[in-house]
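Chemist: Let me give you the structure first, and then I'll get to my questions.
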Amino acid sequence: MKTPVANIRNFVLAGHAGAGKTTLADLMLFKAGAVPRLGSVDQKTSVSDFRPEEQERKCSLYSAALNCPWKDHHFYFMDAPGSADFCGEAIAAQSVVDAVIIVVDAVAGIGPGTLRAFKQAKNAAQPRAIFVNGMDKEQADFHKILAQLQDAFGGPHVCVPFVLPDGEKGAFKGVFPVLKKDAQIPPSLAEEAAHDRQEILDDIAEEDETIMEHYLSEGDLTPDELDRGLHLAFLHNHIVPVFCGSAAKDVGIAELMDGIIGVFPNPVMEPPITLADGSTLDRKPEADCGMALVFKSVADPFIGQLSYMRVYSGTFRTDGDLHNISNNDSKERTSSFLRVNGKEQISETEAVPGMIVAIAKLKATHINQTLATKSTAARFTPIEFPKPTLSFAIAPKNKGDDEKVGSAIHRMSEEDPTIRLEHNAETKETLLHGMGDQHLNNVVHRLHNTFKVDVELRTPRVPYRETVTGSGSHAYRHKKQTGGHGQFAEVHLRVERLADKEYEFASEVVGGNVPRNFIPAIEKGVLEAKVNGPLAGCHVINFKAVVYDGKYHDVDSSEMAFKIASRAAFREAMKAAKPILLEPIMKLRIVFPDHYMGDITGDLNTRRGRVLGMDSEDGQQVVLADVPLAETFSYSSTLRSLTQGRGSFEMAFDRYEAVPGNISKKVQEEAAKHRTADAEE
Numbered sequence: 107m108k109t110p111v112a113n114i115r116n117f118v119l120a121g122h123a124g125a126g127k128t129t130l131a132d133l134m135l136f137k138a139g140a141v142p143r144l145g146s147v148d149q150k151t152s153v154s155d156f157r158p159e160e161q162e163r164k165c166s167l168y169s170a171a172l173n174c175p176w177k178d179h180h181f182y183f184m185d186a187p188g189s190a191d192f193c194g195e196a197i198a199a200q201s202v203v204d205a206v207i208i209v210v211d212a213v214a215g216i217g218p219g220t221l222r223a224f225k226q227a228k229n230a231a232q233p234r235a236i237f238v239n240g241m242d243k244e245q246a247d248f249h250k251i252l253a254q255l256q257d258a259f260g261g262p263h264v265c266v267p268f269v270l271p272d273g274e275k276g277a278f279k280g281v282f283p284v285l286k287k288d289a290q291i292p293p294s295l296a297e298e299a300a301h302d303r304q305e306i307l308d309d310i311a312e313e314d315e316t317i318m319e320h321y322l323s324e325g326d327l328t329p330d331e332l333d334r335g336l337h338l339a340f341l342h343n344h345i346v347p348v349f350c351g352s353a354a355k356d357v358g359i360a361e362l363m364d365g366i367i368g369v370f371p372n373p374v375m376e377p378p379i380t381l382a383d384g385s386t387l388d389r390k391p392e393a394d395c396g397m398a399l400v401f402k403s404v405a406d407p408f409i410g411q412l413s414y415m416r417v418y419s420g421t422f423r424t425d426g427d428l429h430n431i432s433n434n435d436s437k438e439r440t441s442s443f444l445r446v447n448g449k450e451q452i453s454e455t456e457a458v459p460g461m462i463v464a465i466a467k468l469k470a471t472h473i474n475q476t477l478a479t480k481s482t483a484a485r486f487t488p489i490e491f492p493k494p495t496l497s498f499a500i501a502p503k504n505k506g507d508d509e510k511v512g513s514a515i516h517r518m519s520e521e522d523p524t525i526r527l528e529h530n531a532e533t534k535e536t537l538l539h540g541m542g543d544q545h546l547n548n549v550v551h552r553l554h555n556t557f558k559v560d561v562e563l564r565t566p567r568v569p570y571r572e573t574v575t576g577s578g579s580h581a582y583r584h585k586k587q588t589g590g591h592g593q594f595a596e597v598h599l600r601v602e603r604l605a606d607k608e609y610e611f612a613s614e615v616v617g618g619n620v621p622r623n624f625i626p627a628i629e630k631g632v633l634e635a636k637v638n639g640p641l642a643g644c645h646v647i648n649f650k651a652v653v654y655d656g657k658y659h660d661v662d663s664s665e666m667a668f669k670i671a672s673r674a675a676f677r678e679a680m681k682a683a684k685p686i687l688l689e690p691i692m693k694l695r696i697v698f699p700d701h702y703m704g705d706i707t708g709d710l711n712t713r714r715g716r717v718l719g720m721d722s723e724d725g726q727q728v729v730l731a732d733v734p735l736a737e738t739f740s741y742s743s744t745l746r747s748l749t750q751g752r753g754s755f756e757m758a759f760d761r762y763e764a765v766p767g768n769i770s771k772k773v774q775e776e777a778a779k780h781r782t783a784d785a786e787e
């Protein structure tokens with residue numbers, strides 16, 4: 107395939123789940139002749155959603171790399187999942203493209219996936235366009251959705267229609283291009299079309315002084331000026347083209363694909379890419395060094411590991427070494443670069459800027475690593491993946507399968523960095539972290555179907571803390587005679603509240619009652635004892651331990667004896683210092699449509715949550731709240747249910763706070779049961 111780089115277009119289909127991104131992708135491939143028949147999500151024949159778990163659920167769980175010719179151009183694009191649970195796939199796909207098409211449902215409008223895609227594009231200064239899909243639906247309302255988009259994303263001077271619908275709802279038949287002078291626009295739309303065309307021309311004229319002079323003198327632009335101005339205005343984010351149509355009925359899709367050619371940048375246009383060391387990248391295919399970023403990895407059942415890379419600079423050929431700049435310049439070889447459409451692959455001998463290709467069986471290359479044709483290249487700035495929002499304790503159903511589970515999840519985390527496995531020594535559980543219940547349920551599904559191992563998920567134990575609210579002292583004597591040298595140490599220890607530090611140790615011993623060389627052993631005893639508090643066996647924090655007196659024996663005293671005495675003195679002093687249980691408090695940022703406000707705040711109240719503030723962002727409500735960790739384990743599924751899937755949240759640890767008395771009692775009782783069970787094992 108020898109398409110000039112200037113004729114390559116590179117983009118992602120992003121947006122909220124259910125907006126029709128995959129249906130649109132399948133139709134684009136079919137219209138372009140890249141596939142022999144039209145794929146269907148409902149019939150499980152989609153090119154993009156080809157994995158069994160996607161076909162079963164009839165929705166995208168992974169990003170898919172696609173490509174097709176259109177006229178004399180070639181498109182390389184990604185179909186990204188819209189669910190927040192699988193946002194890691196979407197973020198990676200969107201991070202490596204030149205432009206973003208945000209697909210919006212003509213009835214439902216803006217959702218969290220819409221906001222997430224737009225925010226990521228804005229932060230990365232990526233050009234974006236909008237396709238309002240589903241115009242054939244009974245309740246479709248283009249102008250209502252357009253108003254929402256303009257309110258949320260820059261106003262009517264930025265979000266400008268490039269097409270207008272010919273009828274709406276059940277009467278929708280087609281679209282009218284706004285910029286075509288010879289378009290047969292009906293009188294009812296003529297005034298609106300003229301206004302929108304004027305807005306676009308005004309935006310274009312400001313991109314270049316020569317274009318502006320001609321526009322002011324002639325009141326219009328030549329085709330060449332229009333073409334150049336459109337590319338510049340879009341590239342500089344001065345305009346967000348809005349298209350509309352129906353992917354289900356194949357209406358407005360050709361106009362969208364023509365718009366991609368006419369508006370989207372080619373891979374060698376500005377702005378320059380800044381690398382991790384601060385240098386900028388020459389995008390040209392003739393560049394001295396080819397550079398690409400690996401952004402996706404898939405375990406293909408037939409050919410093994412597939413690494414997907416986006417080429418940014420230079421030309422990669424199969425007759426040269428690949429240098430992994432991120433992995434100590436380890437060398438890789440490949441026999442071909444694969445152009446991919448779902449599970450179909452076509453071999454290429456070279457890859458140029460703008461292409462998204464896969465390479466099979468790379469030995470030491472992973473997601474977020476830089477491949478180059480020379481060892482002297484710099485690295486790309488890594489893609490930032492979000493932190494997990496949900497955790498479950500995970501255990502194999504069959505004893506002895508722990509290693510199989512760990513190995514399988516490690517392989518899955520190689521494909522999806524938002525999956526993380528961690529052993530918590532404090533709670534003695536293995537924790538599976540992910541982006542939501544659907545995300546983690548899919549991990550369990552894959553463990554069963556792909557790796558033939560079954561696991562159980564359960565609510566994890568909360569890592570509580572203990573502290574003191576007063577001061578308590580205790581003197582403990584450790585004395586043991588077993589023949590020969592005995593053991594003797596006496597420690598007088600005081601425990602006090604310390605609000606601004608996690609821990610502090612001090613000595614007030616005078617007169618040599620405890621020699622200096624035994625003081626460190628006393629502190630070691632405190633450090634060992636503080637990991638197992640008196641209430642529920644939790645770590646003790648925010649306290650000061652002071653050794654103020656003691657006794658020793660010239661022969662029988664030792665470091666071990668003082669450690670033993672120190673541990674016992676600490677436990678008893680803690681009991682006298684009015685200990686309390688602390689719980690982790692999480693800070694939540696919840697984004698949702700306005701009409702769910704009552705349901706959201708009501709649910710937070712039932713979770714002992716405190717609303718800290720409310721705001722609006724891009725037409726959505728934002729609530730900031732504090733919620734105890736113990737009350738968040740079911741929040742992902744609850745929020746989805748409350749908002750019909752249109753709410754999303756982020757969560758991070760904030761602080762520890764005292765546990766209410768009634769809950770503290772239950773926690774201590776449960777901890778006692780666990781200690782008994784652990785002792786029996």
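Here my numbering is used: the first residue of the sequence shown is 107, the next is one more, and so on. Just so you know, even glycine gets a beta-carbon here, dropped at the ideal spot from N, CA and C. The model shown is predicted, which means the values in this text are computed figures rather than measured ones.
For glycine 512, which residues of its own chain have a beta-carbon under 7 Å away from its beta-carbon, when the five flanking residues on both sides are left out?
Modeler: The answer, listed in chain order, is Leu527.
Chemist: Could you spell out the range, first to last residue, of the alpha helix (DSSP H) harbouring serine 436?
Modeler: Counting along the chain, serine 436 falls outside any alpha helix (DSSP H), though it belongs to the beta strand (DSSP E) covering 436 to 438.
Chemist: Could you tell me which uninterrupted beta strand (DSSP E) segments, each at least 3 residues in length, are contained entirely in the region 456 to 493, listed from first to last along the chain?
Modeler: If we require 3 residues or more, the beta strand (DSSP E) runs fully inside the region 456 to 493 come out as 462 to 466, 476 to 478.
Chemist: Span of the alpha helix (DSSP H) holding cysteine 395?
Modeler: Note, cysteine 395: premise wrong, no alpha helix (DSSP H); not H, not E.
Chemist: Helix, strand or coil: how does DSSP classify lysine 164 here?
Modeler: Looking at lysine 164 - three-state DSSP - the assignment turns out to be coil, as it is neither helix nor strand.
Chemist: What's the gap between the Cα of leucine 477 and the Cα of asparagine 430?
Modeler: Their Cα atoms are separated by approximately 5 Å.
Chemist: Helix, strand or coil, according to DSSP, for threonine 536 in the structure here?
Modeler: Threonine 536: strand per DSSP, three-state reduction.
Chemist: Specify the secondary structure class of aspartate 308 as computed by DSSP and reduced to three states.
Modeler: The answer is helix: DSSP assigns aspartate 308 an H, G or I state.
Chemist: How many Å lie between serine 201 and valine 646 at the Cα?
Modeler: For serine 201 and valine 646, the distance between alpha carbons rounds to 43 Å.
Chemist: With burial defined as no fewer than 16 other Cβ atoms inside 10 Å of the residue's Cβ, what is the status of phenylalanine 117: buried or exposed?
Modeler: Phenylalanine 117 is buried by the Cβ-count criterion.
Chemist: Assuming the contact rule is C-beta atoms closer than 8 Å, cysteine 165 and alanine 123 should be a hit. Round their C-beta distance to whole Å, please.
Modeler: The pair is a contact, with the Cβ atoms about 6 Å apart (cut-off 8 Å).
Chemist: Indicate whether valine 238 and cysteine 350 have their beta-carbon atoms separated by less than 7 Å.
Modeler: Yes. Within cutoff.
Chemist: Pairing CB atoms from the region 637 to 651 with CB atoms from the region 604 to 613, are three or more of them under 8 Å?
Modeler: Judged by Cβ distances under 8 Å, the region 637 to 651 makes contact with the region 604 to 613, as three or more pairs qualify.
Chemist: Can you confirm whether the region 227 to 237 touches the region 355 to 370 when touching is taken to mean that 3 or more C-beta pairs between the two stretches lie within less than 8 Å?
Modeler: Because the criterion of three Cβ pairs below 8 Å is met, the region 355 to 370 and the region 227 to 237 touch.
Chemist: According to the Cβ coordinates, are glycine 121 and alanine 214 closer than 7 Å?
Modeler: No, Cβ-Cβ distance for glycine 121 and alanine 214 is not below 7 Å.
Chemist: Out of Phe557, Val615, Ala354, Gln544, point me to the one whose CA is closest to arginine 746's CA.
Modeler: Nearest of Phe557, Val615, Ala354, Gln544 to arginine 746, Cα basis: Gln544.
Chemist: Do proline 267 and valine 348 have their CB atoms nearer than 7 Å?
Modeler: Result yes, Cβ atoms of proline 267 and valine 348 sit closer than 7 Å.
Chemist: Quick check: proline 459 and serine 419, are their CB atoms within less than 7 Å of each other?
Modeler: Going by C-beta atoms, proline 459 is nearer than 7 Å to serine 419.
Chemist: Which of the three DSSP states is assigned to threonine 573 in this structure?
Modeler: Here threonine 573 sits in strand by DSSP.
Chemist: Below 8 Å on the Cβ atoms is my contact criterion, and I expect proline 233 with proline 371 to pass it. Report the Cβ-Cβ distance as a whole number of Å.
Modeler: 7 Å between Cβ atoms; contact.
Chemist: Near phenylalanine 668, what residues of its chain come up, given a Cβ to Cβ distance below 6 Å and the 5 sequence neighbours on each side ignored?
Modeler: Excluding positions up to five away in sequence, the list reads Ala595, Phe624, Ala627, Ile628.
Chemist: Counting only runs of 4+ residues fully inside the region 501 to 557, write out the alpha helix (DSSP H) ranges in chain order.
Modeler: DSSP runs (the alpha helix (DSSP H)) wholly in the region 501 to 557: 508 to 521, 543 to 555.
Chemist: For phenylalanine 248, count the other beta carbons within 10 Å of its own beta carbon; 16 or more makes it buried, fewer makes it exposed. Which is it?
Modeler: By the neighbour-count rule (16 or more Cβ atoms within 10 Å), phenylalanine 248 is buried.
Chemist: Starting from histidine 598 and walking both ways along the alpha helix (DSSP H), at which residues does that stretch end?
Modeler: Run containing histidine 598: none in the alpha helix (DSSP H); it sits in the beta strand (DSSP E), 593 to 603.
Chemist: Among residues of its own chain, excluding the 5 on either side of glycine 542, which ones have a beta-carbon nearer than 7 Å to its beta-carbon?
Modeler: Excluding positions up to five away in sequence, the list reads Ala190, Asp191, Thr495, Leu496, Ser742.
Chemist: Is the distance from the Cβ of alanine 457 to the Cβ of valine 417 below 7 Å?
Modeler: Yes; because the gap between Cβ atoms is below 7 Å, this pair is in contact.
Chemist: Helix or strand or just coil, what does DSSP make of threonine 380?
Modeler: DSSP places threonine 380 in strand when its eight states are reduced to three.
Chemist: Do alanine 258 and glycine 725 have their CB atoms nearer than 7 Å?
Modeler: In this structure, glycine 725 lies closer than 7 Å to alanine 258 by Cβ.
Chemist: Here's a check: name, in chain order, each residue in its chain whose Cβ is nearer than 8 Å to the Cβ of leucine 133, leaving out the five neighbours to either side.
Modeler: Here the set comprises Leu144, Ala353, Asp356, Ile359.
Chemist: List the endpoints of the continuous beta strand (DSSP E) containing glutamate 756.
Modeler: Its beta strand (DSSP E) spans residues 754 to 764.
Chemist: With leucine 444 as the anchor, note down where its beta strand (DSSP E) starts and where it stops.
Modeler: 443 to 447 is the span of the beta strand (DSSP E), which, as asked, contains leucine 444.
Chemist: So, for leucine 710: in the same chain, excluding its five sequence neighbours on each side, which residues have a beta-carbon less than 7 Å away from its beta-carbon?
Modeler: Cβ within range, chain order: Val717, Ala731, Val733.
Chemist: Just checking my contact of glutamate 521 with valine 446 at CB under 8 Å: how many whole Å lie between their CB atoms?
Modeler: Not really, about 15 Å apart at Cβ, beyond 8 Å.
Chemist: CA-CA distance, alanine 484 and isoleucine 379?
Modeler: The straight-line gap from Cα to Cα measures roughly 12 Å.
Chemist: Quick check on glycine 806: does DSSP put it in helix, strand or coil?
Modeler: No statement about residue 806 is possible, as the shown extent of the chain runs from 107 to 787 and does not include it.
Chemist: Which word fits glycine 273, buried or exposed, when buried means at least 16 other C-beta atoms lie within 10 angstroms of its C-beta?
Modeler: Burial call: exposed.
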